[in-house]
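To keep things clear, I will list the structure first and then write my remarks on it.
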Amino acid sequence: MKILGIETSCDETAAAVVEGNEDGVFVLSNVISSQIDIHKKYGGVVPEVAAREHVLNILPVIDKALKKADIDKKNIKKDLDAIAVATGPGLITSLLVGVESAKTLAYSWNIPIISINHIAGHIYANFIGKSLDTKLLFPSIILTVSGGHTMLVLMRDFDKFETIGETRDDAAGEAFDKAAKMLGLSYPGGPIISSEAEKYNKNTSQNIIKMPRPMISKGGFDFSFSGLKTALRYAIEEDKNYQKNIPAYAHEFQQAIIDVLISKTISAAKKYRTKSIMLTGGVSANKELRFQLAQKISASLPDTIFKIPDMQYTTDNAAMVACAGYYKAKQRKFTKWQDMKIEL
Ligand code: KG4
Ligand code: ZN
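Take the sequence shown: its letter number 307 is residue 940 in the working numbering, and every next letter is one higher.
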């Protein structure tokens, strides 16, 4: 079964084609047109600008994805089984472009359409590639960390999700982005904070900076990162030389987030006796988070399977949406194009 995925939730215009069968879900094409360079100037995503860029990019990106996957547009019904599109959460003006394009194509090509929740899309990034025996995977605890969301999701089976905890204020990625802005660094903040943190040398660096680990031992599986951002603001206001210590601040800020995320993920896996732990979302690109979570799992839950997406499927992409679409198509969970709605 071949699925075209479309993703326009934020500032990436993306289209991909996957082929799913009993062996797994394999990516035939994965095209992303990123607007990062445009939004960088403003220090964050400007929704109206993002929507206009999506309008310009959407058809060329879809075309490229179909071409790379060798899909014959003249004979589309033979080559393509369904279109999966992210219908939210995200920026409404951005989502509209992807959703309306998907509806129009589904109608004119006369092929089924599937609505995909963007967070579920991120989760399915872990199901790209050769499939594993689901008896070994479920139930699974999934740490979903992106610019818009920070959640612990209990996944009992395909398309069976339960949110057991989420952020009460800022998402982890948003905290990284805001911290980078405060430190005078560029957008998006996550990768920059992470590369600054790498420059920090624990053995020789003088200024030992300490930040709180918000809600690490309270609030159940909920998170809160806005206090951490305030702590950083106070710390740099008091430190006249903070610009000389960016790597130390970046390192401590990153470690505070990692400590909280790992601690709650491990507790959730223990409480729900899950067979696997998965990490996903834009922040799952963070090398230290990937490394430290893997280490913690092998030390304290050695029988638990740990899955992380390939780097290219961590931040927003359409292969994850198409993969989620494959599993929904298998269950014949299609939506009539007339009923397709944005879900904020
Ligand atoms: O999943 P995503 O592309 O978009 C949303 O659904 O929000 O995630 C984007 C977020 C941004 O906040 C970005 O700073 C963060 O992911 N991010 C990272 C890294 N790469 C991207 N955060 C920490 N470390 C990284 N290496
Ligand atoms: Zn995302």
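Every residue gets a Cβ at the ideal spot worked out from N, C-alpha and C, and that includes glycine. Remember, it's a predicted structure, so these values are computed and weren't measured experimentally.
Item	Value
Helix, strand or coil, according to DSSP, for Met944 in the structure here?	helix
Tell me whether Ser667 counts as near ligand 1, meaning its Cβ is closer than 7 Å to at least one heavy atom of that ligand.	no
Can you tell which of Arg965, Ser779 and Ile704 has its C-alpha closest to the C-alpha of Ile742?	Contrary to the premise, residue 742 reads as Trp rather than Ile in this sequence. For Trp742, the nearest C-alpha among the options comes from Ile704.
Any idea if Phe858 is buried or exposed, counting beta-carbon neighbours within 10 angstroms, 16 or more meaning buried?	buried
Since Cys956 and Ile669 should fall inside the 8 Å C-beta cutoff, what is the C-beta to C-beta distance between them, to a whole number of angstroms?	With a Cβ gap of about 24 Å, Cys956 and Ile669 do not count as contacting.
Where does Ser741 sit, in a helix, a strand or coil, going by DSSP?	helix
Determine the DSSP secondary structure at Val678, reduced to helix, strand or coil.	coil
Specify, as a first and last residue, the run of the alpha helix (DSSP H) that Ile671 falls within.	Ile669 to Lys673
Could you tell me which whole beta strand (DSSP E) segments of length 3 or greater appear in the segment 861-932?	909-913
Using 8 Å as the threshold, is the segment 769-777 in touch with the segment 908-927, meaning 3 or more CB pairs across them?	yes
How is Glu829 classed by DSSP in three states: helix, strand or coil?	helix
So the candidates are Arg846, Ile746 and Ala883; which of them puts its Cα closest to the Cα of Asn834?	Ala883
Closer than 7 Å to a non-hydrogen atom of ligand 1 - does that hold for the CB of Cys956?	no
Measure from the alpha carbon of Gln720 to the alpha carbon of each residue in Lys711, Gly731, Val651 and Val786, then state which is nearest.	Rather than Gln, the amino acid found at residue 720 in this sequence is Thr. Selected option, being the one with the closest Cα: Gly731.
In whole angstroms, what separates the C-alpha of Met944 from that of Glu871?	37 Å
Use the C-beta contact count for Glu753: other C-beta atoms within 10 angstroms, 16 or more gives buried, fewer gives exposed.	Note on residue identity: the sequence assigns Ala, not Glu, to residue 753. Under this definition Ala753 is a buried residue.
Leaving out five residues before and five after Leu818 in sequence, what residues of the same chain have Cβ atoms less than 6 Å from its Cβ?	Ile825
Using CA coordinates, which residue listed in Gly676, Ile636 and Glu681 is at the minimum distance from Ser642?	Glu681
Do you know how far the Cα of Lys963 is from the Cα of Leu769?	20 Å
Quick check: Phe967 and Ile709, are their CB atoms within less than 8 Å of each other?	no
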